[in-house]
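With this note's numbering applied, the sequence shown covers 118 to 351.
Every residue gets a Cβ at the ideal spot worked out from N, C-alpha and C, and that includes glycine.
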Amino acid sequence: MFEWLRKKRFTVPSRRASVPVITLDGPGGAGKGTIARRVADALGFHLLDSGALYRLVALAAEDACVSLTNGEKLAELALRLDARFGKDSRVWLSGQDVTDRLRTEQTGAGASTVAQIGTVRRALLSRQRAFRKSPGLVADGRDMGSHVFTDAALKIYLTASAEERAKRRHKQLKDKGLDVSLAALSQDIEHRDRRDSERSLAPLRPAMDARLLDTTGRTIEEVTQQVLDWFAEL
């Protein structure tokens with residue numbers, strides 16, 4: 118399906134910083150993770166799924182019976198997070214494969230709660246920035262361009278209608294054999310958007326110099342190509 122990505126060749130423009138970064142921010146369900154992986158594959162760049170780090174903190178808290186309101190304990194968990202990311206998209210926490218647990222709605226809600234805590238965000242900041250390695254990085258999240266990589270070569274804010282995002286998530290869960298209400302997913306997405314955009318620390322919003330890209334009704338190939346075209350223009 119993505120043979121065109123493997124055949125296409127890209128070069129990093131000479132005016133770029135030594136380790137260029139492309140940031141993809143936006144609400145859940147906008148396609149950040151999928152597009153980030155395709156772009157990183159096409160360019161041969163490293164990939165940072167920042168949301169996975171917050172989900173891992175939420176899982177670590179669950180396993181350690183730590184309340185999601187205990188900022189001090191959560192920050193400690195974040196600092197000593199024993200996580201490993203495999204090339205096959207598998208994720209390990211303390212030696213255990215937690216890939217499936219990581220993508221549940223419950224873990225997503227926990228991650229959104231954890232992400233509002235300043236001590237946790239500060240604990241994860243240096244860890245996120247450490248992903249910036251040659252030849253480059255594609256980072257997806259909610260504040261990658263506005264807070265973590267403010268000097269990124271290309272900042273993009275992906276969005277889509279709440280209805281479209283709920284349908285995408287519903288299909289993902291159905292494909293995994295999970296029976297989830299579309300109405301409940303829509304409500305959860307709206308609540309999470311509000312919580313993320315209204316938090317006082319690193320709220321969900323486009324960076325001042327970000328390019329807006331609405332993925333509603335657009336294919337993965339179209340959106341990926343748009344990102345690659347913008348990068349090639351720099």
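With a 10 Å radius around its C-beta and 16 neighbouring C-beta atoms as the bar for buried, classify residue 199 as buried or exposed.
Exposed is the call here.
What is the rounded straight-line gap between the Cα of residue 214 and the Cα of residue 172?
The straight-line gap from Cα to Cα measures roughly 14 Å.
Could you tell me if residue 148 is buried or exposed, where buried requires 16 or more neighbouring beta carbons within 10 angstroms of its beta carbon?
It counts as buried.
Quick one: Cα of residue 363 to Cα of residue 237, how far?
Here the chain covers residues 118 to 351 and nothing more, so residue 363 does not appear.
Pairing CB atoms from the segment 275-288 with CB atoms from the segment 324-332, are three or more of them under 8 Å?
Enough Cβ pairs lie closer than 8 Å, so yes.
Ignoring anything shorter than 4 residues or poking outside the segment 184-225, list the alpha helix (DSSP H) runs there in chain order.
List check, alpha helix (DSSP H) in window: 188-196 and 216-219.
Going by other Cβ atoms of all chains shown within 10 Å of its Cβ, with 16 needed for buried, is residue 223 buried or exposed?
Looking at its Cβ environment, which holds fewer than 16 other Cβ atoms inside 10 Å, residue 223 is exposed.
Report the three-state DSSP secondary structure of residue 346 (helix, strand or coil).
It is helical.
Under 8 Å, do residue 313 and residue 244 count as touching if we go by C-beta distance?
For residue 313 and residue 244, no; Cβs fall outside 8 Å.
Whose C-alpha, out of 270, 197 and 208, is nearest the C-alpha of residue 240?
Answer by Cα proximity: 197.
Any contact between the segment 158-165 and the segment 249-257? By contact I mean 3 or more CB pairs, one from each, below 8 Å.
Enough Cβ pairs lie closer than 8 Å, so yes.
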